[in-house]
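Numbering (our numbering), first residue to last: 625 to 1002.
From the three backbone atoms N, C-alpha and C, an ideal C-beta is built for every residue, glycine too.
This one's a predicted model, so the numbers in the text were calculated from it and none came from an experiment.
Structure record follows, encoded as structure tokens.
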Amino acid sequence: MCVFKVLKGIITLLIVAFVISGPFAFEAYKEQNKEKTDEKESQWQGIIVLWDYPSFDKESGTRYGWIAKKIEEFEKENRGVFIDFKPIDPEHCLPEIETAIKTNTLPDIAPVGSERAVQQLGVLEPLDSFVHEGSMDKYISGVKDSITYQGNIYGIPKLIDLHVIAFNRYELENCDSDIPKEVKWTKKDFLHLSQVVYEISKKPFIVGESTLFSIIQYLKDQGELVNLEEVNGFKRTKNIYSEFEKRDFSAISCSTMDLAKVEYALGSPGEYKLITLYNESENQYLQGNCISYGVFKQKDKQKLEMCLKLIDFITCNSEQLNLWKFNAFPVVKGVHSIYDEDSDMGQLENLIKNSNKSFINTLSTQDKVDLMKKYEER
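Take a look at the structure:
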């Protein structure tokens, strides 16, 4: 009976305490919640115009599904901020940027932070004051060079798309020559084996337009352009996917991200041997692209900060682990290998991590036109 009275007393005291303190606790909760709401409402609100390249997702079969989902999530987390998204073709991006400058219709964000031709125009925001000290150390060495111009940082890296050559594995293994097991081939290996495979198979070496400039630049012989048509049955194409479907080739030059669509449509990548050209003296490989977001000059500092918040949301470390869906490579050091089950892509990933190569898109639109004119007239 005594114990019951004690328990009853304790319960009574707790009820009284709750009745007395409850309103104060509720007011404190409301104040705390109001502070969070005020903080969200005080941040910049408005429209951010974002241009971005397609990233074909070999898991879902979509080109823009991933970025659309990220935009939806970001808008939910940032009330009053709306993203006006425009898909942009990589081949048309620089001309559209040049047109947008003339018509004063530049986007707020575009994947041109590593494009030297755009960095030189003076239309991008220098991001040095917004990048935390030491944060650039998290990127692999070649990436840091690509976003820096004349000492200023102009981009936030997203991924690396490496230019490769996909040899028809069946035709390659049928030639009576030693085939390097590694993915890095010297220029001598490439010229010899591509010629041997072509002579045996009589199938063309197909070069996609997106990688043509990389190959032409790499295979210069003491400054002179190599005649690819004579060396290895060269054939240019604007549609590498149709060439993969035909399977009537000895090799195809493309980017690793091009292969994501091929894998989705045609199945296993095991039919192809991927290689990248290697220059031992310079530790360089066939050129790749570091895709980085740049922010065009803003009058409103708060909007600029919101643009950077969006880019950080898109390029965060957790997203680096999902780049395998696009056959792309991480830009951040220390990311666990995402290609453990793909020997060729795994080797390429390790080469990028350990390379000093700078993934800088140094050619302007006019540079490419001049190079192609010189190549056609050689």
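Through-space distance from residue j to residue i, alpha-carbon basis
i            : j           : result
residue 747  : residue 834 : 25 angstroms
residue 926  : residue 957 : 30 angstroms
residue 726  : residue 818 : 45 angstroms
residue 800  : residue 895 : 19 angstroms
residue 742  : residue 780 : 14 angstroms
residue 865  : residue 783 : 22 angstroms
residue 763  : residue 821 : 39 angstroms
residue 761  : residue 968 : 27 angstroms
residue 797  : residue 810 : 18 angstroms
residue 963  : residue 716 : 31 angstroms
residue 754  : residue 933 : 11 angstroms
residue 714  : residue 767 : 19 angstroms
residue 723  : residue 813 : 43 angstroms
residue 1003 : residue 704 : Any answer about residue 1003 is impossible in this case: the structure gives the chain only from 625 up to 1002.
residue 872  : residue 828 : 8 angstroms
residue 740  : residue 916 : 11 angstroms
residue 677  : residue 886 : 18 angstroms
residue 693  : residue 823 : 48 angstroms
residue 789  : residue 901 : 8 angstroms
residue 745  : residue 948 : 33 angstroms
residue 939  : residue 974 : 21 angstroms
residue 660  : residue 929 : Reliability fails at residue 660, whose pLDDT of 48 lies under 50, so the model's placement of it is uncertain and the value that follows must be treated cautiously. Straight-line Cα distance between these residues: approximately 19 angstroms.
residue 691  : residue 793 : 34 angstroms
residue 765  : residue 976 : 9 angstroms
residue 710  : residue 881 : 20 angstroms
residue 859  : residue 842 : 17 angstroms
residue 689  : residue 966 : 24 angstroms
residue 605  : residue 718 : Missing from the structure shown is residue 605; the chain here goes from 625 to 1002 and no further.
residue 791  : residue 670 : 49 angstroms
residue 815  : residue 914 : 27 angstroms
Where the alpha helix (DSSP H) through residue i begins and ends
i           : result
residue 790 : Looking at the DSSP string, residue 790 is not in any alpha helix (DSSP H); the run it does join, the beta strand (DSSP E), is 780–792.
residue 857 : Residue 857 -> no alpha helix (DSSP H), and no H or E assigned at all.
residue 941 : 941–944
residue 719 : 714–727
residue 873 : First-last for residue 873: undefined, no H or E at that position.
residue 698 : 689–701
residue 978 : 967–978
residue 742 : 740–743
Close beta carbons around residue i, own chain, < 7 angstroms, minus the five adjacent residues each side
i           : result
residue 776 : 750 and 752
residue 701 : none
residue 778 : 737, 743, 748, 750, 751, 771 and 918
residue 961 : 970 and 973
Limits of the beta strand (DSSP E) - the one that residue i falls within
i           : result
residue 888 : Note, residue 888: premise wrong, no beta strand (DSSP E); alpha helix (DSSP H) at 882–890.
residue 952 : From DSSP, residue 952 is part of no beta strand (DSSP E); its letter is neither H nor E.
residue 829 : 829–832
residue 809 : 808–810
residue 775 : Neither: residue 775 is in no beta strand (DSSP E) and is coded neither H nor E.
residue 674 : 670–676
Cut-off 6 angstroms between Cβ atoms - residues of its own chain near residue i, not counting five sequence neighbours on either side
i           : result
residue 884 : 680, 682, 950 and 951
residue 707 : 672, 674 and 695
residue 825 : 795 and 874
residue 946 : none
residue 888 : 682 and 685
residue 773 : 743
residue 687 : 678 and 680
Distance between beta carbons of residue j and residue i, contact taken as under 8 angstroms
i           : j           : result
residue 936 : residue 668 : With a Cβ gap of about 15 angstroms, residue 936 and residue 668 do not count as contacting.
residue 730 : residue 972 : Not a contact, Cβ separation roughly 34 angstroms.
residue 807 : residue 899 : 5 angstroms
residue 830 : residue 861 : 5 angstroms
residue 890 : residue 869 : 7 angstroms
residue 699 : residue 712 : That belief does not hold up - the Cβ atoms of residue 699 and residue 712 are roughly 20 angstroms apart, past 8 angstroms.
Cutoff 8 angstroms; reference residue i; Cβ partners in own chain excluding five residues on either side
i           : result
residue 732 : 672, 673, 674, 919, 920, 922, 927 and 931
residue 941 : 956 and 959
residue 728 : none
residue 658 : In this predicted model, residue 658 has a pLDDT of only 47, less than 50, meaning its place in the structure is not dependable; the value taken from the coordinates is given anyway. Result list for residue 658: empty, nothing under 8 angstroms.
Buried or exposed by the 16-neighbour rule on C-beta atoms within 10 Å, applied to residue i
i           : result
residue 912 : buried
residue 836 : buried
residue 954 : buried
residue 944 : buried
residue 838 : buried
residue 897 : buried
residue 879 : buried
residue 978 : exposed
residue 863 : exposed
residue 857 : buried
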